[in-house]
Structures are given as C-alpha cells and as structure tokens.
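Written out below as structure tokens is the structure these notes cover.
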Amino acid sequence: MTTLTGIPVSSGIAIGKALILKESKQEISKKTIENIDIEKMRFEKARKEGIRQIDAIYKKTLKSLGEEKAAVFHAHKMMIEDMELVKSVENYIEENNCNVEYALHEVTKNLILLFKQMDNEYMRERAADLQDIEGRLQKILSGNVEEDLSHIEEPVILIAEDLTPSQTAQMDTTKILGFITELGGKTSHAGIFAKTLGIPAIVGVNNNLLEKLSNNQKVAFDGSTGEIYIDPTKEQLQILGHKLDEHKEYIKKINQVKGKSAKTIDGFTIELAGNIGNPKEAKYVLDNEGCGIGLFRTEFLYMGKEGLPSEEEQFKAYKSVATLMKEKPVIIRTLDIGGDKQLDYLEMPKEMNPFLGFRAIRLCLKKEDIFKTQLRAILRASVYGNLKVMFPMICSMEELNKAKELLEKAKLELEKENIPFNSNIEIGMMIETPATAVLADLFIKEVDFFSIGTNDLVQYTLAVDRINEHVSNLYSPYNPAVLRLIKNTIEAAKNNNKWVGICGEAASDPLLIPVWLYFGVNELSMSPNLLMEAKWIIRSISNKQLDENIRNILLLNSGSEIKEALIKLNKEIL
Amino acid sequence: MIKKTVTLINEQGLHARPAQLLAAEAMKYKCELQLIKNDDNSRICNPKSILSIMSMGAAKGDKITITADGLDEEKALKALAELIENGFGE
C-alpha cells in the first residue's frame, strides 16, 4: 500500500485498474535534405491535415462541452496557421537544409522554453498547447495515428505523464473512471475538461508516478482531496466506496434533469435562476441551465477598493453580464452595504445595531451621488440585454418613492446627454422586512416585481441576528410567521398579475421547495451549483398531490413541527 | 507611421483567448503592425501572430505600445488599442 498526493482538480472518487499511457516518444533526428521545396510542401500538407483534425475535435467538443471549452481548439488552429511559426520553420529548413520534422521540433522547443520561463502559471501551462500541436503535426508527418483513448475496452484509471487537451476532450466517460497525471496544475486544460466531463482527476503528482505503478495495478483516489492509494487496504476501499456510492447517486440524479425544463410531474413550471456576486459567475448560471439572474449583487464593485467605483467601471460590469445573458432577465440589486459589510473609504459611524442601522437603501437615499452613479450605469447598460433594477431593504413607501424618483432623475440626465437607455426598465423591490411583507398588496401596485430576500426577512421577523452564536439556533425559515409573510407577499403579487421570486438561501432549501411551489412563486434564484438539484426536486413533485399535505403542514403552529413534517414529506416524494 | 501606448487591464494578461482575438483583429489590416512591451525595443512582437503575442508574456498593468505603418494604419491602431483598453471584453 502506498499513499501519494497531488493537486485535486476534479472531484469524485475513482477505484479501478491502472492503465498507464506511455506516449511513444518519437525520435526526431536531423536529416540533411536535397530539396527544400519538398520539405516545405510536406509541412503545408501536414498543417492542412492538422487543421482538419482540429476542426473535427472542435466540433465534437462544442457539442459535448460547450463553446467556451471548445475555444482552445480554435486557438490551436490559429497556432498551426500562425505566420510566425510557418516562417520560422521554413527559415530553419532553408538555413539548415534539414527535414521539416527537425525544424518544427527546434522551433517549437524554443517557444515552449519561452512559455515555461514566464512568471504567470497560466502562461506556463500554455506550453502544453504547443506540445499538443507539435505532437499532432509530428504524428501526421510520420504517418502514425494519435493514441486514441476511445478504444479502451474496460473501465480504467488513466495514468499519464500529461494529457493533451485533445486527449482529454475526447475521453469516453463510460470507460475512463478518472485520471492522474504527473504534470499539470490547477489551471491546466486537462483539469478543466475533467470537471466539465464529471471525471475525477488529480494532476501534478511529482513522485515518479509512472514508475511506481504498473498496468492493471489497483488504484483508488479522491479527486476532491488529491489523495491517491496504490493497492489500497480494505478499510480505505470501504471508506472510498461509500463516498463513491453517494457521489454516483447524486450525479445520476443531476444528469437525469440536464436539458429538461423545471416542470412538476403535473406540468407546473417554475423559473430557476442564479444568484451572482460578480460578472464572472454569470457563465456558471448558463452552464447550469439557469433561465436568468435573479439576484446580481453589486457590492463587489465597491468592496476591497480605495474608493468608489466610477460610472464607467460599473457600466462595463453590468454590460458584460447583460451581453452574456442576452434576452434572459438579469435583476441588478442596487448597493446593499452597511450591516455586516462596511466600506472603509465611506467612514461610516460605528453602530450599536448595524442591521437596524444605516444600511442599503437608507444609505443610498442619503448619499444620492453614490446612488445616482449606480443607477446611471445600470440604465446605460440596459440597452445591451434584459436588465431590471431592484431596491433592497425598503421599509416604507416614502423610501420606495424616493428611490424611484432618483431613478427618474438619472433617466432625465441621460436623456439630456443623448445617451441611450431602456426607458421601460422594470423596477422591483426586495421583500426582506416584515413591514413590506405585511403591506405587499400596497407595494406591489408601485413596482413591476417582488423578490423575497429570505435571509433578512427571517432575521427581522424573528429578531435574530444569525451571526450571533448565542441566538443563531432561533433562526428558522420554517417558522410559521415567516411562511405566512412569504405567502402574503406571493398572493399580493399574483392578485395583481405581477411577477414574484425568492432569492434568499431558503429558495434552494430542498425541504421548502415544495412549499414555494404550493405558494405559486414564479421564480427561485440560488447559487448556480444548486440549480440542478433544485430542478431535480421540482421534477419529482406533483403539485396537486402536494396541496393537501402542505396545507396541513402550514396549519402546524411551530417552526420545529413544520420542519419535521417537511422532512417526512421530502422522504416520501424523493 | 503612427503609434499609441495602452495599458493591459485584464487579469490573466495576454493569454490564449485575448491573444487569439487580438491576432484575428490584426489580420484584418494590411499595414505593418508591431507590439512593444514596456518600451523594451529589443523584443518586437507581431500582433498578426498568436504565438508572437503569447510569447510576449504580457501581464496585467503592462504598457503595450502599438505601431502601425501603412494605408489602413489609423483604423488598425484604433481597433487594436480599443480591444486592449477594453480588456478584451472579459
């Protein structure tokens, strides 16, 4: 039994026989040639064939892994066609009267060396792209075919010095249980592909892995920790086996709902959207089939900085998300600072009760300049997609009116400056204080939509600071007072034919999803990685069957009883 | 010949994707184009070559000088400068 560790890049457990992939290293020797033109022609022919192969891989990857992952092969194609590379190789052939194989090897060797010396880890790993390309061209020149991983007969754990992006992208996930490589780092393509394919993987195992192992030897590893067991003990296998079963069950569930709509057995649909905290996360929402962004928190623009973000900086951030999401809705929540999130440069006074103090919309309405800069940026970005604006922490009608007034002011300014914006941008508000939940029927007449922020709504309804460990056990979204406020809010919206969503943590709570369906909410917005699980739960539910159950559960008079009943229900339906 | 110096703002520097975008844009123009990193005239790169761009190893904050020489030099300079200044839309 030997234990090794590497860099975990794709989670999951793999237990199986090792298959060691030894790249047949091609001996590339220098040969003197007579006819330079023939060598140049061979190079051109090989490049053409290489491009044809890469095009095929690009198409296959586009289908199986999506555009972003396939983009690397687009870059490969450009590298093969690269005029500098072609010129350098042709010059080398001319100057040395040598074969194209040797010229190509020397030219790429120097480039790879250059990449490997760079400070940036990401760039160092791009040397792998060059190696991939050279390998492909050399194989074409020699007439050999690429080590094709699709011919593996029985499931194996692949062990290699390194895997090229094209090898990884073409792996048959039913035959390859996982892979371990000696080289590579956190950002290597192989790892990124493995994650997307759902294959457990560990890279960067620097202990002469290939020499320690032989074909068919038993290997087990945990792709979330980086632990590798060669000839694992019975106990180790038991622990890993159990983890594996759980993981398999989960993956199976998730895969079943991929590509399907979030529809109950009896045909009720619900929109599943993602919460994001910066523009980069928007793509995870799309990856997980989210139908929009239900909550775009904008605090990232303000935090960890020396000063306030400019209108331009904000505009760019909002625009990038709007452009990416296209016609899909993106709800931008205006600045929600204060409470537990402070900005040093604003010199806000220390408060006894920050959650009841100078925060969110209260701060924005006092510091109109800050607020208007943000509103202008959102409005300007609104022409690039389907943006909506949402105000947080509203407690009174005066606050909502003032916020809307400032939005109108920003619109007027832009109009005067001849800057385009969507004048019909939808305006919504968070329902996160009991005051607005109780008066939902009045507030809904003044806005286009509601989004219920359960985290704060629970905290304010039950007067519990959930960061305070002495009282955090009292924090419960199952409390009937909270559920009634949410029900009241959703009903008010529905009675007025308006749209209502939930964007707090409770939105993705498996126990509560049936309750939200029963209430008839339009949308649930959550962290992108929870979207598939939520969809799976929704697709396992029959709304009509649930009705009586939930109605009875909501008659219970305490949070703990409701939670218990929901756990029971959950076990019955899932 | 005209030239302009811009600052690289995207997090990962000129890696594969921005290099690809830059090269694709540069190839649209007929004029002679050059890139110089942080005024180091000893290493001049060709923006029409993805490998040449990537081998610059340019990181966030680096100053990139673009020179253009030829009929469509103004258009080319403007397009490349904008692409870099906008962080390649990242």
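Here the protein sequences line up with chains A and B, keeping their order.
Heads up, the first sequence is in numbering that gives the first Met the number 0, so the first residue is 0 and it goes up one at a time.
Heads up, the second sequence is in numbering that gives the first Met the number 0, so the first residue is 0 and it goes up one at a time.
Virtual Cβ for every residue (Gly too), placed ideally from N, Cα, C.
Residue-level contact to chain B via CB, residue i, 8 Å cutoff
i	result
residue 73 of chain A	yes
residue 121 of chain A	yes
residue 280 of chain A	no
residue 310 of chain A	no
residue 319 of chain A	yes
residue 574 of chain A	Outside the shown range of chain A, which is 0 to 573, sits residue 574 of chain A, and nothing can be said about it.
residue 70 of chain A	yes
residue 332 of chain A	no
residue 128 of chain A	yes
residue 324 of chain A	no
residue 285 of chain A	no
residue 61 of chain A	no
residue 82 of chain A	yes
Residue i - DSSP class collapsed to helix/strand/coil
i	result
residue 228 of chain A	strand
residue 77 of chain A	helix
residue 122 of chain A	helix
residue 556 of chain A	coil
residue 68 of chain B	strand
residue 16 of chain B	helix
residue 3 of chain B	strand
residue 109 of chain A	helix
residue 487 of chain A	helix
residue 440 of chain A	helix
residue 314 of chain A	helix
residue 17 of chain A	strand
residue 479 of chain A	helix
residue 26 of chain B	coil
residue 335 of chain A	coil
residue 266 of chain A	coil
residue 213 of chain A	coil
Beta-carbon proximity list for residue i, same chain, < 8 Å, skipping 5 on both sides
i	result
residue 301 of chain A	307, 308, 334, 336 and 342
residue 577 of chain A	No statement about residue 577 of chain A is possible, as the shown extent of chain A runs from 0 to 573 and does not include it.
residue 298 of chain A	276, 334, 335, 336 and 340
residue 565 of chain A	477, 510, 511, 513, 514 and 552
residue 1 of chain A	211, 228, 229 and 230
residue 49 of chain A	79, 132, 135, 136 and 139
residue 57 of chain B	7, 12, 13, 36 and 63
Of the listed residues the options, nearest to residue i (C-alpha basis)
i	options	result
residue 67 of chain A	A/168, A/151, A/215 and A/39	A/168
residue 120 of chain A	B/12, B/31 and B/84	B/12
residue 386 of chain A	A/555, A/317, A/447 and A/440	A/317
residue 513 of chain A	A/545, A/493, A/476 and A/492	A/545
residue 536 of chain A	A/528, A/519 and A/509	A/509
residue 367 of chain A	A/559, A/281 and A/405	A/405
residue 442 of chain A	A/100, A/488 and A/154	A/488
residue 153 of chain A	A/469, A/530 and A/15	A/15
residue 91 of chain A	A/57, A/29, A/55 and A/56	A/29
residue 259 of chain A	A/166, A/415 and A/534	A/534
residue 360 of chain A	A/204, A/430 and A/411	A/430
residue 485 of chain A	A/222, A/495, A/500 and A/471	A/500
Residues near residue i by beta carbon distance below 6 Å, same chain, minus five either side
i	result
residue 216 of chain A	17
residue 344 of chain A	306
residue 446 of chain A	426, 427 and 428
residue 117 of chain A	123
Minimum Cβ-Cβ distance from residue i to chain A less than 8 Å
i	result
residue 41 of chain B	no
residue 37 of chain B	no
residue 29 of chain B	no
residue 53 of chain B	yes
residue 32 of chain B	no
residue 21 of chain B	no
residue 45 of chain B	yes
residue 15 of chain B	yes
residue 49 of chain B	yes
residue 25 of chain B	no
Cut-off 7 Å between Cβ atoms - residues of its own chain near residue i, not counting five sequence neighbours on either side
i	result
residue 68 of chain B	0, 30 and 31
Cβ-based contacts, 9 Å cut-off: residues of the segment 60 to 80 of chain B near chain D: No chain D is present in this structure, whose protein chains are A and B.
Cβ contact (3+ pairs, closer than 8 Å) linking the segment 43 to 51 of chain B and the segment 68 to 81 of chain A: yes
Touching by the beta-carbon criterion (3+ pairs, under 8 Å), the segment 2 to 21 of chain A and the segment 177 to 197 of chain A: yes
Three-pair Cβ contact test at 8 Å for the segment 359 to 373 of chain A versus the segment 418 to 425 of chain A: no
Given 8 Å, three or more beta-carbon pairs between the segment 366 to 382 of chain A and the segment 472 to 488 of chain A: no
Contact the segment 124 to 132 of chain A vs the segment 30 to 44 of chain A: 3+ CB pairs below 8 Å: no
Segment contact, 8 Å Cβ cut-off, at least three pairs: the segment 386 to 404 of chain A with the segment 428 to 437 of chain A: yes
Given 8 Å, three or more beta-carbon pairs between the segment 280 to 294 of chain A and the segment 45 to 63 of chain A: no
Cβ contact (3+ pairs, closer than 8 Å) linking the segment 64 to 80 of chain B and the segment 14 to 32 of chain B: yes
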